[in-house]
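Written out below as structure tokens is the structure these notes cover.
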Amino acid sequence: MSAGRGAVRAVEVLTRLAGAGRPVPAAMLARECGIPRSTTYGIVGALAGAGFVEHADGGYKAGPRAHELAGGVTIAAALSVLESFEQDVTHLTAGELCRRTGLPLARVDPLVDDLVAEGLLTESDGHVALGVRVAALAARSGPLHRLRIAARPVLLDLCAATGETANLVVRDRDELVYLDQVESPHALRHAGWAGRRLPLGAGATSLALTGASAPQIARDAVEVGVTAVACGVPGADPAAAVTVTGPTARMGDRRLAACRRAVTAAAGALEAALASSDQEGT
């Protein structure tokens, strides 16, 4: 076998192992990579000797040097792992992180190890979850923490007044972020969006965050079948909006009119709460 052909086959084996969620037997590597079994054993042996492959549980997995080649820990990749979690998806396996981030296992494994070591993730029974340090870091963001604390009672009142899910949304450059959410008591409700990011678009919340003065209404902008009513909070820094979201089937004209009045009042209440907080801090 030529050196060039051998190198190509070695890359094929490494690529297969990098994307695997568990150790792969040599016979399976041979079959899936289209390499003779005897040649596969030779390739795997050479890769293992160089630290690119490790033997584990009756098969082989990517080794530490393969992880190095995958790029190690980068801020963007680490953020993609941390942002894989949602309000209703709190524990994920390495395989699920691969699917959510689009990163190969050889990249996810060292990321998870480092994030666990730094307290940003916790690990138990083959699953990882966000660590306490994430919340501690979030609490250090003074303006966001202050905004969320001030908005919480406003959102509770807004949900009670409308019967629909109440949201606090902030602008982050060209995206909007659901900073907090109080879910509707209805069985059919818009839920689980706290922490999610969306690109700014033509929806009600995007318009409210980009300077629209009147309450905004949009159907099917957040999700198909969901209607949103949003109002910007004057003077909020960062730019913020309070919204209610609910099933379109429940959002008739009378309810929409009530929601418009409620979000306008909520935006005013939050503006006053923030102003009061500013005065207390001076």
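So for the sequence shown, the working numbering puts the first residue at -12; every next one is plus one. From the three backbone atoms N, C-alpha and C, an ideal C-beta is built for every residue, glycine too.
Q) Helix, strand or coil: which one does DSSP assign to Thr26? A) Taking the sequence shown and counting its residues from 1, the one referred to as residue 26 is at position 39. The answer is helix: DSSP assigns Thr26 an H, G or I state.
Q.
With distance defined between alpha-carbon atoms, name the residue in Glu41, Ser111, Ala65 nearest to Leu1.
A. For the purposes of this step, residue 1 is identified with residue 14 of the sequence shown, where counting begins at 1. Of Glu41, Ser111, Ala65, the residue nearest in Cα terms is Glu41.
Q: On a CA-only basis, which of Leu92, Arg87, Phe72 is nearest Val121? Give me that one, please.
A: The residue you call residue 121 lines up with position 134 of the sequence shown. Minimum Cα distance to Val121 is reached at Phe72.
Q: Quick one: measure Cβ to Cβ for Val231 and Thr149, integer angstroms, because I've assumed they're closer than 8 angstroms.
A: The sequence position of residue 231 within the sequence shown is 244, counting from 1. The sequence position of residue 149 within the sequence shown is 162, counting from 1. Their Cβ separation, rounded to whole angstroms, is 5 angstroms, which keeps Val231 and Thr149 in contact under 8 angstroms.
Q. Since Glu162 contacts Pro221 with CB under 8 angstroms, what's their CB separation in whole angstroms?
A. Position 175 of the sequence shown holds residue 162. Position 234 of the sequence shown holds residue 221. About 21 angstroms; that fails the 8 angstroms criterion.
Q | Residues that Ile204 bridges to, as DSSP identifies them | A | Against the sequence shown, residue 204 aligns to sequence position 217. Ile204 pairs with Val216.
Q: Answer with buried or exposed for Leu143, where buried requires no fewer than 16 other C-beta atoms within 10 angstroms of its C-beta.
A: As a first step, residue 143 must be located in the sequence shown, where it is residue number 156. Per the 10 Å Cβ criterion, exposed.
Q. If you draw a straight line from the alpha carbon of Leu131 to that of Val229, how long is it in whole angstroms?
A. Residue numbering aside, residue 131 sits at position 144 when the sequence shown is read from its first letter. Residue numbering aside, residue 229 sits at position 242 when the sequence shown is read from its first letter. If you take the alpha carbons of Leu131 and Val229, they lie about 14 angstroms apart.
Q: Specify whether the region 213 to 220 and the region 233 to 245 touch according to this definition: at least 3 beta carbon pairs, one from each stretch, less than 8 angstroms apart.
A: yes
(Q) Quick check: the Cα distance between Pro12 and Tyr47, rounded to an integer number of angstroms? (A) Residue numbering aside, residue 12 sits at position 25 when the sequence shown is read from its first letter. Residue numbering aside, residue 47 sits at position 60 when the sequence shown is read from its first letter. Distance between the alpha carbons of Pro12 and Tyr47: 6 angstroms.
Q: Please state whether DSSP places Pro225 in a helix, a strand or coil.
A: On the sequence shown, position 238 is the one that residue 225 refers to. In this structure, Pro225 counts as coil in the three-state DSSP scheme.
Q: Select from Thr77, Gly190, Arg176, Gly36 the residue whose C-alpha is nearest the C-alpha of Gly118.
A: Sequence index remark: in the sequence shown, residue 118 carries index 131 (1-based). For Gly118, the nearest C-alpha among the options comes from Thr77.
Q: Check whether the region 247 to 263 touches the region 166 to 174, taking contact to mean three or more Cβ pairs, one atom from each stretch, closer than 8 angstroms.
A: no
Q. What are the boundary residues of the alpha helix (DSSP H) that Gly89 is part of?
A. For this step, residue 89 is matched to residue 102 along the sequence shown. Where Gly89 is concerned, there is no enclosing alpha helix (DSSP H), given that its DSSP letter is neither H nor E.
Q | Straight-line Cα distance separating Cys246 from Ser111 | A | In the sequence shown, counting from the first residue as 1, residue 111 sits at position 124. In the sequence shown, counting from the first residue as 1, residue 246 sits at position 259. Roughly 43 angstroms between the two C-alpha positions.
(Q) Using only the alpha-carbon positions, how far apart do Ala43 and Leu4 sit? (A) For the purposes of this step, residue 43 is identified with residue 56 of the sequence shown, where counting begins at 1. For the purposes of this step, residue 4 is identified with residue 17 of the sequence shown, where counting begins at 1. Their backbone Cα atoms lie some 12 angstroms apart in a straight line.
Q.
Rounded to whole angstroms, what is the Cα-Cα separation between Ala252 and Glu83?
A. Against the sequence shown, residue 252 aligns to sequence position 265. Against the sequence shown, residue 83 aligns to sequence position 96. Distance between the alpha carbons of Ala252 and Glu83: 42 angstroms.
Q: Between the Cα of Arg176 and those of Asp224, Ile136, Arg242, Pro234, spot the shortest distance and give me the residue it belongs to.
A: Start at 1 with the first residue of the sequence shown, and residue 176 comes out as number 189. Closest option to Arg176, Cα to Cα, is Pro234.
Q) Taking buried to mean at least 16 other C-beta atoms within 10 Å of its own C-beta, is Ile136 buried or exposed? A) Walking along the sequence shown from the start, residue 136 turns up at place 149. With fewer than 16 other Cβ atoms within 10 Å, it is exposed.
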